[in-house]
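Encoded as structure tokens, the structure appears first; notes follow it.
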Amino acid sequence: MLFAALLVVSTPPTLVFGGDVMLNGIAPARKPLAELAPIFQKADAAIVNLEIPLTNSTTRTTRKTAAEIKRRDQYVLKADPGHMAHLKAVGIDMVGLANNHALDYGPKGLDEMIRALDKAGIAHTGAGRNSAAAERVAVIRRGKTRIGLVSYLAFVSVGGLRKCTPATEKSAGVAVLSFGGKPNVTKIRSIVQNARASCDVLVVALHWGIEKQTRPSGYQRALGQAFIDAGADVVWGHHPHVLQPAETYKRKPIMYSMGNLVSPRPGKSAVAFWRVGTESVTLKPYNIRGGRVTFK
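For the sequence shown, the numbering used here assigns the number 297 to the last residue and increments by one with no breaks.
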């Protein structure tokens with residue numbers, strides 16, 4: 002008797018990316034991301050930038066001065082910790098934390114949020130109790146595929162980086178990558194090589210660029226391409242709070258800015274779908290109204 006061999010073809014994972022999660026001034030009861038739940042839950046991994054601390058702490062950072070805040074040169078933001086249950090419920094799997102607001106309420110606010118992320122089972126990287134914790138690769142497994150995420154704050158201005166509390170060997174903060182006029186290829190190669198030892202697919206999150214600009218700057222393109230050259234599979238950017246174009250470089254996608262995932266301010270945004278191994282991403286646009294995502 003002859004038996005036909007069964008060929009089992011595994012489908013590469015599909016990842017969905019969102020932008021800045023700006024929950025300040027939005028009550029958890031609003032369920033701001035509810036309309037994205039079917040998208041996030043269907044994807045193999047949903048990854049977003051958790052822009053501001055979810056904390057009850059009242060101790061603000063001292064790195065952003067009262068005068069700067071009054072002039073609106075700097076902002077100190079936080080949101081209700083009750084949002085964490087909503088982030089988990091809608092299907093968010095991984096978050097980047099390397100941004101300019103993660104330490105707005107100091108190490109205490111950051112620690113409260115990280116503990117809540119751990120309790121919710123949401124993988125995270127980009128900020129932590131020291132530089133080793135902030136720079137570690139976060140990994141989730143989907144089938145036989147290990148998906149890794151590293152997250153870095155990458156501003157041109159050294160002063161701007163300092164305002165955001167960079168992590169050190171002995172103190173809490175965010176993972177930072179200074180630009181200095183050209184990419185630090187040695188540092189980038191080290192980041193990628195260390196991360197790849199723990200994962201099969203490597204996502205690099207970069208908080209970079211200039212707010213409100215709809216085109217990527219030269220340094221964004223140089224830095225994004227340097228990470229692809231070093232072996233990253235996809236580069237995912239955020240910070241400008243508006244959408245910027247995505248491009249394919251050496252058959253791999255670079256998303257320069259995914260805008261706001263949600264915000265108290267109205268606007269237009271999108272999420273991006275990427276099937277591992279493909280050259281480009283597909284966008285699904287939506288509107289933000291009343292602090293909620295809507296496809297209407």
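Positions of the beta carbon are idealized from the N, C-alpha and C atoms, including for glycine. Every value quoted in this text rests on a predicted model; they were computed, and no experiment measured them.
Let's test the definition: count the other Cβ atoms within 10 Å of the Cβ of residue i and tell me whether it reaches 16, buried, or not, exposed.
| i | result |
| --- | --- |
| glutamine 194 | exposed |
| aspartate 74 | exposed |
| phenylalanine 296 | exposed |
| aspartate 119 | exposed |
| serine 158 | exposed |
| serine 264 | buried |
| tyrosine 76 | exposed |
| glycine 26 | exposed |
| proline 167 | buried |
| isoleucine 40 | buried |
| valine 186 | exposed |
| proline 54 | buried |
| serine 11 | exposed |
| isoleucine 70 | exposed |
| lysine 171 | exposed |
| proline 246 | exposed |
| alanine 68 | exposed |
| serine 191 | exposed |
| threonine 62 | buried |
| serine 199 | exposed |
| proline 267 | exposed |
| glycine 278 | exposed |
| lysine 253 | buried |
| glycine 144 | exposed |
| alanine 47 | buried |
| alanine 6 | A caution first: alanine 6 carries a pLDDT of 49, below 50, which makes its placement in the model unreliable, though a value can still be read off. So alanine 6 counts as exposed. |
| threonine 169 | exposed |
| alanine 133 | exposed |
| glycine 160 | exposed |
Let me know the secondary structure DSSP gives residue i once reduced to three states.
| i | result |
| --- | --- |
| phenylalanine 274 | strand |
| alanine 38 | helix |
| valine 186 | helix |
| valine 193 | helix |
| phenylalanine 18 | strand |
| valine 294 | strand |
| tyrosine 257 | strand |
| lysine 71 | helix |
| glycine 181 | coil |
| histidine 84 | helix |
| proline 167 | strand |
| alanine 30 | helix |
| phenylalanine 4 | Low confidence applies to phenylalanine 4: its pLDDT is 46, below 50, so where it sits in the model is not reliable enough to give any reading. |
| lysine 269 | strand |
| alanine 90 | helix |
What is the residue span of the alpha helix (DSSP H) that residue i lies within?
| i | result |
| --- | --- |
| glycine 161 | 159-164 |
| threonine 283 | Premise fails: threonine 283 lies in the beta strand (DSSP E), 283-290, not in any alpha helix (DSSP H). |
| tyrosine 220 | 219-231 |
| histidine 1 | Absent from the model: residue 1. The displayed extent of the chain is 2 to 297, so no value can be given. |
| alanine 135 | 132-136 |
What first and last residue would you give for the beta strand (DSSP E) that runs through residue i?
| i | result |
| --- | --- |
| proline 108 | Where proline 108 is concerned, there is no enclosing beta strand (DSSP E), although the alpha helix (DSSP H) it sits in stretches over 107-121. |
| serine 58 | Looking at the DSSP string, serine 58 is not in any beta strand (DSSP E), and its letter there is neither H nor E. |
| serine 199 | No beta strand (DSSP E) contains serine 199, which DSSP labels as neither H nor E. |
| leucine 150 | 146-154 |
| valine 49 | 46-50 |
| arginine 252 | Run containing arginine 252: none; DSSP gives neither H nor E here. |
| isoleucine 211 | Unbroken run through isoleucine 211: none, as it is neither H nor E. |
| glycine 97 | 95-97 |
| histidine 125 | 124-126 |
| arginine 142 | 139-143 |
Kindly give me the distance between the Cβ atoms of residue i and residue j, rounded to whole angstroms, as I take these residues to be in contact under 8 Å.
| i | j | result |
| --- | --- | --- |
| valine 175 | alanine 135 | 6 Å |
| histidine 208 | leucine 154 | 5 Å |
| valine 243 | lysine 285 | Not confirmed; about 17 Å, so no contact. |
| serine 58 | glutamate 113 | 6 Å |
| glycine 83 | proline 29 | 4 Å |
| threonine 56 | lysine 32 | Contact doesn't hold; Cβ gap of about 20 Å is too wide. |
For chain B, check one thing: does any of its Cβ atoms lie closer than 9 Å to the Cβ of residue i?
| i | result |
| --- | --- |
| leucine 203 | The chain inventory of the structure shown lacks chain B, comprising one protein chain alone. |
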